[in-house]
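Novice: Can you read through this structure? Questions will come right after.
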Amino acid sequence: MSSTPILETVDVRKEFGNLVAVDGISLEFYTDETVGIIGPNGAGKTTFINLISGVLPLTDGQILFAGDDISDLKRYKRVRRGLVRSFQIPQIYDELTLRENIQSSILSRKQENNRLFTPTDREEESLQEANELIETFNLEAHADEHTEHLPHGVRKVLDVAMSFALEPQIMFLDEPTSGVGSKEKNDVMETITQAADEQNIGLVFIEHDMELIREYSSRTVALHEGRVLLDDEPDAVFNSEEVNEFILEGGV
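No gaps in the numbering here: position 238 of the sequence shown is 238 in UniProt numbering, and each next residue is one more.
Below, the structure is given as structure tokens:
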């Protein structure tokens, strides 16, 4: 594991009226790891990611990205820094092909970062980059299909590929295999984690399928009632009496 975290949360807290959804979570995340987050409904998993990605404001605490305090930074500026959550990408347009959707995500980044480039330059570069991402995510067979006709599992991978087009340093995914058939789940996760490993992108994902957590996370964080119950290697987490009592036996 690299010695310097790309992202830190320091005593992060979120209250909704009298409800404490996230209660002082302090964690570090690195670019060379895949972190699986588990916990029962109401544990604060999605709220925690919403705080990190800027969807929700903090009640208290700090979020540090590459050592800088980004607690009050707007969502699009976090994306520009390299902190991406999959739904923060431009929406998937059903009237466009898979290739064109990836290209649109690339263009949105280039228009922001490369203002000196001409539209033609950006178009040519975005097409080349889109083709590379299509190959990375094994989407060649569907590249020229309109997305409204794509299988659900392929749309999930497309969603992540479009996130990769934003050049993240760390990416957060909320149930990346939800709605995907059991036979496709491993294919989706294998594709995502392999691409993240190859590009040294940190990956953090919420998942209710414990087999996927065991198989694909290098580290597992168990949340319960808005707090960290355990943060360790998957085997240590799943063998924990506390995790079995509060999470696994009660369902996730």
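Every residue gets a Cβ at the ideal spot worked out from N, C-alpha and C, and that includes glycine.
Between residue 93 and the rest of its own chain, which residues show a CB-CB distance below 8 Å, the 5 nearest in sequence each way excluded?
Specialist: Taking the sequence shown and counting its residues from 1, one reaches residue 93 at position 93. Within the same chain, residue 93 has close Cβ partners 100, 101, 104, 147.
Novice: First and last residue of the alpha helix (DSSP H) that includes residue 224?
Specialist: If you number the sequence shown from 1, residue 224 lands on position 224. Careful: residue 224 lies outside any alpha helix (DSSP H), inside the beta strand (DSSP E) at 219-224.
Novice: Could you tell me the distance, in whole angstroms, from the CA atom of residue 8 to the CA atom of residue 132?
Specialist: Counted from its first residue, the sequence shown places residue 8 at position 8. Counted from its first residue, the sequence shown places residue 132 at position 132. Roughly 31 Å between the two C-alpha positions.
Novice: Just to confirm my understanding: we take residue 96, look at its own chain, exclude 5 residues before and 5 after, and list those with CB closer than 8 Å. What are they?
Specialist: In the sequence shown, counting from the first residue as 1, residue 96 sits at position 96. 104, 146, 147, listed in sequence order.
Novice: Out of curiosity, what's the CA-to-CA distance linking residue 55 and residue 238?
Specialist: If you number the sequence shown from 1, residue 55 lands on position 55. If you number the sequence shown from 1, residue 238 lands on position 238. About 30 Å.
Novice: Drop a sphere of 10 angstroms on the beta-carbon of residue 253, count the other beta-carbons inside from all chains shown, and report buried for 16 or more, exposed for fewer.
Specialist: This structure does not reach residue 253, given that the chain is present from 1 up to 252, and the question cannot be answered.
Novice: Can you name the residues that DSSP bridges to residue 14?
Specialist: Here the question's residue 14 lines up with position 14 in the sequence shown. Bridge partners of residue 14: 22.
Novice: Hey, would you say residue 222 sits closer than 9 Å to residue 229, going by beta carbons?
Specialist: Taking the sequence shown and counting its residues from 1, one reaches residue 222 at position 222. Taking the sequence shown and counting its residues from 1, one reaches residue 229 at position 229. A contact, by the Cβ cut-off of 9 Å.
Novice: Could you check the C-alpha separation between residue 265 and residue 61 for me, to the nearest Å?
Specialist: This structure leaves residue 265 out entirely; the chain is present only between 1 and 252.
Novice: For residue 50, is the classification buried or exposed, using 16 other Cβ atoms within 10 angstroms of its Cβ as the cut-off for buried?
Specialist: The sequence position of residue 50 within the sequence shown is 50, counting from 1. When all chains shown are included, residue 50 counts as buried.
Novice: By the three-class DSSP mapping on this structure, what secondary structure does residue 8 have?
Specialist: Taking the sequence shown and counting its residues from 1, one reaches residue 8 at position 8. Looking at residue 8 - three-state DSSP - the assignment turns out to be strand.
Novice: Within 10 Å of its beta-carbon, does residue 126 have 16 or more other beta-carbons around it, so buried, or fewer, so exposed?
Specialist: Reading the sequence shown from its first residue, position 126 is the one you call residue 126. Buried.
Novice: Which residue from 85, 23, 187 puts its Cα closest to that of residue 157?
Specialist: In the sequence shown, the residue the question calls residue 157 occupies position 157. Closest option to residue 157, Cα to Cα, is 187.
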